[in-house]
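Peer 1: After the structure tokens below, expect a handful of questions from me.
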Ligand code: SF4
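In our numbering, the protein residues as written are 467 to 705.
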């Protein structure tokens with residue numbers, strides 16, 4: 467029996483998900499978390515359907531036309547073949563952005579050592595005491611290690627949190643802001659309000675509007691809102 471394919475789908479073009487770059491998105495199947503607000507449950511449970519050869523020919527056809535490739539999912543770092551895909555992208559001269567939930571610091575360390583990362587979007591699910599409730603897994607320590615690895619690296623990265631008011635309140639976000647400050651994070655912290663897509667992993671109450679989100683600030687870094695009444699852009703769907 468053939469092993470399952472890691473790649474679920476390819477989005478051929480995006481201007482929104484790799485800051486300042488034209489890019490395509492490679493969606494990797496499977497995830498080791500179970501966030502109730504996940505709006506891509508198909509990608510968690512379905513097998514991949516795009517063969518490596520099709521990904522390679524797609525990249526060849528976009529060489530010189532796109533700046534970069536986004537590895538998203540699901541959780542792309544679960545797949546050992548991620549390194550083959552990353553080398554494939556590097557052979558075309560394109561840049562790599564990786565969306566990750568931060569649960570595989572060993573993989574992020576190897577990608578950094580191999581110069582296979584140009585930008586990372588790191589999900590910060592919750593403070594430690596709420597991490598399992600929000601993500602379905604007790605993986606705060608792994609996230610924290612990934613955060614420190616990226617801070618110590620030279621590559622640009624962002625930290626982002628999806629806020630569903632029934633899972634995280636203002637005190638939680640203030641605590642998370644403090645954790646980032648103490649870790650030495652100095653990039654932008656993106657807060658993106660959960661949206662009811664009607665197809666989330668678990669049924670949650672309507673997220674509604676979080677007026678207190680706009681009051682979150684830090685003296686150490688910029689806090690920016692996405693997907694709220696003041697900012698309707700929603701980034702990569704692998705929060
Ligand atoms: S939201 Fe992201 S981390 Fe959470 S289950 Fe979905 S794909 Fe995994």
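Here a beta-carbon is modelled for each residue, glycine too, at the ideal position from N, C-alpha and C.
Are the CB atoms of residue 568 and residue 612 within a distance shorter than 8 Å?
Peer 2: Yes; because the gap between Cβ atoms is below 8 Å, this pair is in contact.
Peer 1: In angstroms with no decimal places, state the Cα-to-Cα distance between residue 651 and residue 617.
Peer 2: Each residue's Cα considered, the two are about 6 Å apart.
Peer 1: Give the secondary structure of residue 505 by DSSP, where H, G and I count as helix, E and B as strand, and everything else as coil.
Peer 2: In this structure, residue 505 counts as coil in the three-state DSSP scheme.
Peer 1: Using three-state DSSP, classify residue 478 as helix, strand or coil.
Peer 2: Correct three-state label for residue 478: strand.
Peer 1: Whole angstroms is fine: what's the gap from residue 481's alpha carbon to residue 564's?
Peer 2: Roughly 15 Å separates the two Cα atoms.
Peer 1: Cα separation between residue 638 and residue 659?
Peer 2: Straight-line Cα distance between these residues: approximately 14 Å.
Peer 1: Does the beta carbon of residue 510 fall short of 7 Å from some heavy atom of the ligand SF4?
Peer 2: Checking every heavy atom of the ligand SF4 against the Cβ of residue 510, one is found closer than 7 Å.
Peer 1: Using only the alpha-carbon positions, how far apart do residue 604 and residue 570 sit?
Peer 2: Using only the alpha carbons, I get a separation of about 13 Å.
Peer 1: Consult DSSP for residue 516 and reduce its assignment to one of helix, strand or coil.
Peer 2: Looking at residue 516 - three-state DSSP - the assignment turns out to be coil, as it is neither helix nor strand.
Peer 1: Residue 500: beta carbon under 7 Å from a heavy atom of the ligand SF4?
Peer 2: True, at least one ligand heavy atom lies under 7 Å from that Cβ.
Peer 1: For residue 624, verify whether its CB is less than 7 Å away from any heavy atom of the ligand SF4.
Peer 2: Not so, every heavy atom of the ligand SF4 lies at least 7 Å from the Cβ.
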